[in-house]
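These protein sequence lines are chains A and B, in that order.
Counting from -13, one number per residue, gives the positions in the first sequence under this note's numbering.
Counting from 240, one number per residue, gives the positions in the second sequence under this note's numbering.
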Amino acid sequence: MRAYTPKDNVQKKSYYTDRFWVAPQVAKFDVSQDTVFTADLDAIKAKFDVLDAYIQVDQMVVVINANDNYAVLELLKNECEYTQLSEMSAIDWLATEGKFEIFYQMLSMAKRKRLRIKCKIDEKEAIQSVEKLFRCADWSEREMYDMFGVVVNNHPCMKRILMPEDWEGFPLRKTYPLQGDEFAAWYEVDKIFGKEAREIIGPENRDPARIDRYDTKRFSRLGHEVPFGTDISQGEPDTPLVYQEQEGVFMVDKFDAQKSVVISDRHR
Amino acid sequence: MQQANRLRPFFENITFDRVDNEMILNFGPQHPSSHGQLRLMLHMQQEQITKAHPDIGYLHRGMEKMAENMIYNEFMPTTDRMDYIASSSNNYGFALAVEKLIGLEVPRRAKVIRMLLLEVNRLMSHLFWLATTALDIGAMTVFLYAFREREYLMDLVEDYCGARLTHAAIRIGGVPLDLPDNFMTDLRKFLDKLPENIKDYEDLLDKNRVWLMRMENVGVISKEMALSWGCSGVMLRASGVEWDIRKEEPYELYDEVEFNVPDSDKGDNYARYKLYMAEMRESAKILYQVADMYEGTSPELMAHAPQYISAPKLEIMTQNYALMQHFVLVTQGMRPPVGEVYIPTESPKGELGFYINSQGGPYPYRLKLRAPSFWHTGILTDLLPGHYIPDVVSIIGTTNIVFGEVDR
């Protein structure tokens, strides 16, 4: 019987896990242990729903509702001195929960504290852009859209950033294979020659770095240059290489291997 | 009809629009001054830029995707390819993030060696920055001088780990090797000479008329703009924000060494140039202190955590259980606890952060690489308008972007 492979997560899996293995947890601490974080959390709690909050590896994690994201970040920026958005991106939980998790990594230089705001949205749901608050979100949100297909509302330029604009599929989703899908495999062929060329070229020849030695339209071999477009399938005439320096290159002319010195200290 | 062997002018790069006199200039992705595969679409009114669209992704290799399909140790050499000018700092950022996730304490000698590598890498990166930027501006001599010194440092790193550019010199839990015998003498020899060298560069550049014209009051980044765009490192400190992660959130042995964090409130290219020079001096200062710390440390190089880290080679070769552990860790990979972590470090380019979400498996569930250059490229959108064509080159130069890191 063929082994079952889940289709909703095609990333690499460990091939063996002990039956009695229980994964340990990174310790989560209560927010009340840290006075600075407690004040920040109280400020958020006063206005918004907080679903979960804890401290993990010295940073506070606050889970909020997805439609509060702009307002919470605005509060943090204007009232809690979190002046920088270091990083933001998404995590794909579609296989288990059917949701994306979006995290905003904030930095307060005045307090020397970092916290992470997290929220979850459904696959087809869009999220509000925070680009008005932090300009760096312009590119981060584009990257998130590019990699996960999470649409961001009110974004000035919701286009792909790393992948080509006509790319299909979202590379960081768990359903997207590491080697790429069919579209990725034929991308160059489709683009340069058209879809109908797939059969002519065939999967064995689709490597864009492949060089056809009989193709005189784009390539020629050194010493065998022929006029453009000549049919050379029956062999091409020789074109002898002629160098400008008929007597050899003048600088290398006097090189004497016997007199050369090997430097012992290569640093000087 | 096209004729063979005949060159024809081919205006692929320029579009002329007769109506409003706006020209769109395509800068890169194969431009020698764009420091990699940066494509800039510049809307111009004569020589002045009205709009700029940086276009990236030409070096995108999907490192985050690769990370999800690799065991943690396997990913280490891939991090080399991010900021390939100072690859040990990437190795370190990743190793530190995993160590925090696991909760490992690294032996002191490993810490000292890591500090040495980090600062040597910072010097390498700054020298490379100086060389290429000066070359872009037209100062060929500085390029040759700075590359000479960088070569010396590359030889040092080569003596340590055998590689010159992609070091992979740091492991999760420590470092793989002890320093070779001549390392400290060579390093001190270099450091003794470095102030002279830096003075040479400064003599050539500081009051150079061309350099000043291209640098002073060009590419001014205000404090608000730097914060809003997520700038870090020199880009942030040149705009009047005193923030160095080594100082503010010290990791490794940075809380035990004395050094200053130079900053400026000018925000222009020249301020950034001065900061790079000052940082090189500070790095040298740190290196002297760390070199003195090496003596008297016990010879352990890797943390002792049999569940995550292989035992030393001697134990693997002599003890059965250590060999079994090693076998499991190499074939299956370590399994960090369930949890997530975001660890920033101060790489030569700025804040290099690793976000790791682990679900207890041998592969990270999600790994996000926070590379400083990404936003230092993004800021060009707002920074370039109003500047002139020659300024583009000097501004790209002082942002110190590396495309291995931008595109990942």
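Cβ atoms here follow ideal geometry from the backbone N, Cα and C, with glycine treated the same way.
All figures in this text were calculated on a predicted structure; none of them were measured in a lab.
*A/Tyr162 versus B/Leu418: straight-line alpha-carbon distance, rounded*: 43 Å
*asked:* For the segment 153 to 176 of chain A, list every residue whose C-beta sits within 7 Å of some C-beta in chain B, in sequence order.
replied: Pro157, Leu158, Leu164
*Taking C-alpha atoms, which residue in B/Gln287, B/Leu526, B/Pro576, B/Ser328 lies nearest to A/Ala13?*
B/Pro576
*Beta-carbon neighbours of B/Val480, restricted to chain A and to distances below 8 Å*: In chain order: Met95.
*Taking C-alpha atoms, which residue in A/Glu182, A/Lys118, A/Leu80 lies nearest to A/Asn55?*
A/Lys118
*C-alpha gap between A/Glu185 and B/Met516, whole angstroms*: 58 Å
*Applying a beta-carbon distance threshold of less than 7 Å, which residues of chain A neighbour B/Gln564?*
In chain order: nothing, as chain A lies at least about 14 Å away.
_Under 8 Å, with one C-beta from each stretch per pair, do the segment 579 to 594 of chain B and the segment 72 to 89 of chain A reach the 3-pair mark?_
yes
*asked:* Please list, in chain order, the residues of the segment 287 to 313 of chain B that have any C-beta partner in chain A closer than 8 Å.
replied: Ile295, Gly296, His299, Gly301, Glu303, Lys304, Met305, Glu307, Asn308, Met309
*Using DSSP with H/G/I as helix, E/B as strand and the rest coil, what is B/Leu281?*
strand
*Would you mind sorting B/Gln285 into buried or exposed? The rule is 16 or more other CB atoms within 10 Å of its CB.*
exposed
_Rounded to the nearest angstrom, what separates B/Met240 and B/His626 at their Cα positions?_
Confidence at B/Met240 is low in this model, with a pLDDT of 43, below 50, so the placement of that residue should be treated as unreliable; the coordinate-derived value is given next. Straight-line Cα distance between these residues: approximately 41 Å.
*CA-CA distance, B/Thr616 and B/Arg609?*
B/Thr616 and B/Arg609 have their alpha carbons spaced roughly 13 Å apart.
*Taking a cut of 7 Å between CB atoms, which residues from the segment 127 to 157 of chain A lie near chain B?*
Residues passing the 7 Å Cβ filter: Ile147, Leu148, Met149, Pro157.
*To which residues of the same chain is A/Pro(-8) closer than 8 Å at the C-beta, ignoring the five residues directly before and after it?*
Ala81
*Spatial distance of A/Ala273 from A/Thr3 (CA atoms)*: The requested residue 273 of chain A does not occur in the structure, where chain A is confined to residues -13 to 254.
*How close, in whole Å, do the beta carbons of A/Lys33 and A/Leu62 come, if the pair is a contact with beta carbons under 8 Å?*
Wrong, their Cβ atoms sit about 11 Å apart, outside the cutoff.
*beta strand (DSSP E) containing B/Ser586: first to last residue?*
578 to 586 is the span of the beta strand (DSSP E), which, as asked, contains B/Ser586.
*Just confirm the distance between the C-beta atoms of B/Tyr297 and B/Arg320, as a whole number of angstroms; I'd bet it's less than 8 Å.*
B/Arg320 and B/Tyr297 do not touch by the CB rule: their CB atoms are close to 14 Å apart, not below 8 Å.
_Every unbroken beta strand (DSSP E) inside the segment -11 to 35 of chain A [3 residues or more]_ = none
*What's the gap between the Cα of B/Gln598 and the Cα of B/Phe367?*
39 Å
_Below 8 Å on C-beta distance, what does A/Leu71 contact in chain B?_
Gly469
*So B/Ser591 and B/Asn329 are in contact, right, with Cβ under 8 Å, and what is the actual spacing, rounded?*
The sequence given here has Leu at residue 591 of chain B, not Ser. Confirmed, about 7 Å.
*State the start and end residues of the unbroken alpha helix (DSSP H) segment that holds B/Thr638.*
628 to 638
*Quick one: what's got a C-beta closer than 7 Å to A/Glu87's C-beta in the same chain, skipping five residues either side?*
Ala76, Ile77, Trp79, Lys104, Lys106
*Exposed or buried, B/Cys400, counting other C-beta atoms within 10 Å across all chains shown (16 or more means buried)?*
buried
_For B/Glu455, would you say it is in contact with chain A, using Cβ-to-Cβ distances shorter than 7 Å as the test?_
no
*Could you say if the segment 618 to 633 of chain B and the segment 354 to 370 of chain B meet the contact criterion of at least three C-beta pairs nearer than 8 Å?*
At 8 Å Cβ cutoff, the stretches do not touch.
*Please go through the same chain and pick out, in chain order, the residues whose beta-carbon is closer than 8 Å to the beta-carbon of B/Arg476, but skip the five residues on each side of it.*
Trp482, Asp483, Val500, Pro501, Asp502, Ser503, Leu514
*To which residues of the same chain is A/Gln244 closer than 6 Å at the C-beta, ignoring the five residues directly before and after it?*
none
*Residue-level contact to chain A via CB, B/Asn499, 7 Å cutoff*: no
_Can you pull the chain B neighbours of A/Val48, defined as C-beta to C-beta under 9 Å?_
By Cβ distance, chain B contributes nothing, its closest Cβ being about 13 Å from A/Val48, past 9 Å.
*What is the rounded straight-line gap between the Cα of A/Gly215 and the Cα of A/Trp172?*
27 Å
*State yes or no: is the C-beta of B/Ile548 within less than 7 Å of the C-beta of B/Gly412?*
yes
*Do we get a CB-CB distance below 7 Å when we pair A/Pro10 with the residues of chain B?*
yes
*asked:* Measuring CB atoms only, is the segment 264 to 279 of chain B touching the segment 625 to 642 of chain B, in the sense that at least three cross pairs come out at less than 8 Å?
replied: yes
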